[in-house]
Amino acid sequence: MAPRGSGLLLTVSVVAWPCNFLGLGSGLGLEARAPGRGIRGGRGRTALAGQGRSTVDFIRERLPGTAFVASMAAVSRRVASLHFFGGAFSPLLYATLTGLLLGNTVLAKSNSLTREVRPMLKPGVAFAKARLLRLGIILYGFNVSVQQILTMGPGSFCSALAMVFSTLAVGVMAGEVLRVDRSVALLVATGASICGVSAVMAAAPVVEKEGASGSKVSVALATVMVFGITSMFLYPIMWPILPGPLSAKAMGIYTGATVYEVAGVVAAGHAMSPSVASAALLTKLVRVLLLAPYLFIVSRLAEGGSTSIQTPWFAFAFFGVCVLSSYLPLPPQLAAKATEVGSWCTALAMVGLGLESDAAAIKQMGWRPMLLASVLFLYLVCGGFLAVSGILRLLPV
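Taking mature numbering (1 follows the signal peptide of the UniProt record, and there is no 0), I'd label the letters of the sequence shown as residues -27 to -1, 1 to 370.
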């Protein structure tokens, strides 16, 4: 006979992983337990009651901000669908613009009228920007098959590999020439090389022994915000006028190998075509998967940095979903619903990205880091085009 509480323990174990992924683990009390240490008696009931209160607190804290970004995402999607806009940009770009406008006007830090509103919205906005973005990327795996991944060929991998490490090299050398603080230069280069904000946050404890200061991280994040959002709007405009012309797959590889944020790659890709979006995301996720070896190199370049490295599990989960949807007989309705949920998650994340982009912080960062970031942006756009075009001539897709 199974011991008392084993059914409950099994249920907790089954739901623990997805809840922990979304940041709900501590809020729901779903920490892993050693075998044989079930929940028993009064102590177990007390623990469950505490978990219930934690769950309520977790939801209450994040609900206002999440509801707000959801409403703004709905407005953005509606605006994008209006006939007179002619489908000029994807709903994700409108979502980013909505967040930017609100974050720097009505909800700006300098606006005393909304001073009490911002702290109430912040947890939900951060939850949408980080966790829901990753969930959206994972669910996008239902749109990509293993066959598509295999047809990408070595050109996609080599393009991503070349741009990641050449951008780091350019960032370090340009930082020396411009006399930018080494830690700041590494953080700015990391944001441009890998995956924007997430990469900067992962590199912060690596570039300095005690972790990079908040001001240095803020400088790097500001450059990611400025040039990441610029590239989201620039690439769809550039595609028709680039020499070549580039095929949809080649444009996707170029986009995925050079645009800053994962969300930016998705937004820019969808603004061009579904084929561009798929190729861009696959190439971008190759860059994300290079995060661990990249951070190891950064730790060697840094002065007294830490060797602690974070694993981008969501990228592995994306490829796992691709495999499952390719080989398991899943109902078409399931894939369609998962795709719709994923698109909503990404739209919420883009509103959150815009809301957390502070124009005032950019003015305070000084000209040297911004000049360094400008050099890297030009390298990604111009040097990236030349590099990717050359690689794809040698390794056609």
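Even for Gly, the Cβ is constructed at its ideal location relative to N, Cα and C.
Rounded to whole angstroms, what's the CA-CA distance from V48 to V79? Just pull it up for me.
-> 16 Å
Any idea what DSSP makes of C355, helix, strand or coil?
-> helix
Where do the ends of the alpha helix (DSSP H) carrying C295 lie?
-> W286 to Y300
So, are the CB atoms of A135 and G144 less than 8 Å apart?
-> no
Starting from the C-beta of V370, find all residues in its chain whose C-beta is less than 6 Å away, skip the five residues before and the five after it, and write them out in chain order.
-> G126, G128 and K222
For A250, which option in S27, Y113 and L106 has the closest C-alpha, if you only look at C-alpha atoms?
-> Y113
With C-beta atoms as the reference, is L160 less than 8 Å away from V150?
-> no
Measure the alpha-carbon distance for A333 versus K189 and round it to whole angstroms.
-> 15 Å
Taking the alpha-carbon positions, what's the A308 to Y300 distance?
-> 13 Å
Starting from the C-beta of R260, find all residues in its chain whose C-beta is less than 6 Å away, skip the five residues before and the five after it, and write them out in chain order.
-> A133, V137 and I167
Grouping DSSP H, G and I as helix and E and B as strand, with all else coil, what is G339?
-> coil
Compare the C-alpha of M245 against each of L263, I226, Y233 and L258 and name the closest.
-> I226
How would you call H243, buried or exposed, if buried means at least 16 neighbouring beta carbons within 10 angstroms?
-> buried
T78 (DSSP reduced to helix, strand or coil) | coil
Close-in-space but distant-in-sequence residues of the same chain around F130 (CB under 6 Å, 5 per side omitted) | V259
Determine the DSSP secondary structure at D154, reduced to helix, strand or coil.
-> coil
Buried or exposed for W317, please, with buried defined as at least 16 other CB atoms from any protein chain shown within 10 angstroms of its CB.
-> buried
Determine the extent of the alpha helix (DSSP H) in which E313 is found, giving its start and end residues.
-> P305 to L328
Rounded Cβ spacing between residue 371 and T87 (contact assumed at less than 8 Å) = Residue numbering for the chain in the displayed model covers -27 to 370; residue 371 lies beyond these limits and cannot be assessed.
Spatial neighbours of F350 in its chain, beta-carbon cut-off 6 Å, leaving aside the 5 residues before and after = F200
In the DSSP assignment, find the alpha helix (DSSP H) that holds P92 and state where it starts and stops.
-> V90 to F100
How big is the Cα-Cα spacing for residue 372 and G363?
-> Examination of residue 372 is not possible in this model, given that the chain is present from -27 through 370 alone.
L3, buried or exposed, once every other Cβ within 10 Å from all chains shown has been counted against 16 = Confidence in L3 is poor, its pLDDT being 37 and thus under 50, which makes the residue's placement unreliable; the coordinate value appears in the next sentence. Buried.
Under a three-way DSSP split, which group does I122 fall into?
-> helix
Boundaries (first-last residue) of the alpha helix (DSSP H) holding A253 | P247 to L262
May I have the straight-line CA-CA distance separating I32 from L108, to the nearest angstrom?
-> 18 Å
Might you give, ordered along the chain, the residues of its own chain that have their beta carbon closer than 6 Å to the beta carbon of A290, omitting 5 neighbours on each side?
-> I111
Note down the Cα distance separating L268 from L254, rounded to an integer number of angstroms.
-> 21 Å
Can you give me the start and stop residues for the alpha helix (DSSP H) that R104 sits inside?
-> From DSSP, R104 is part of no alpha helix (DSSP H); its letter is neither H nor E.
Cβ of A275 within 8 Å of Cβ of V179?
-> yes
Taking the alpha-carbon positions, what's the Q120 to L368 distance?
-> 18 Å
How big is the Cα-Cα spacing for L116 and C295?
-> In the sequence as displayed, the identity of residue 116 is Asn instead of Leu. Between N116 and C295, the C-alpha separation is close to 8 Å.
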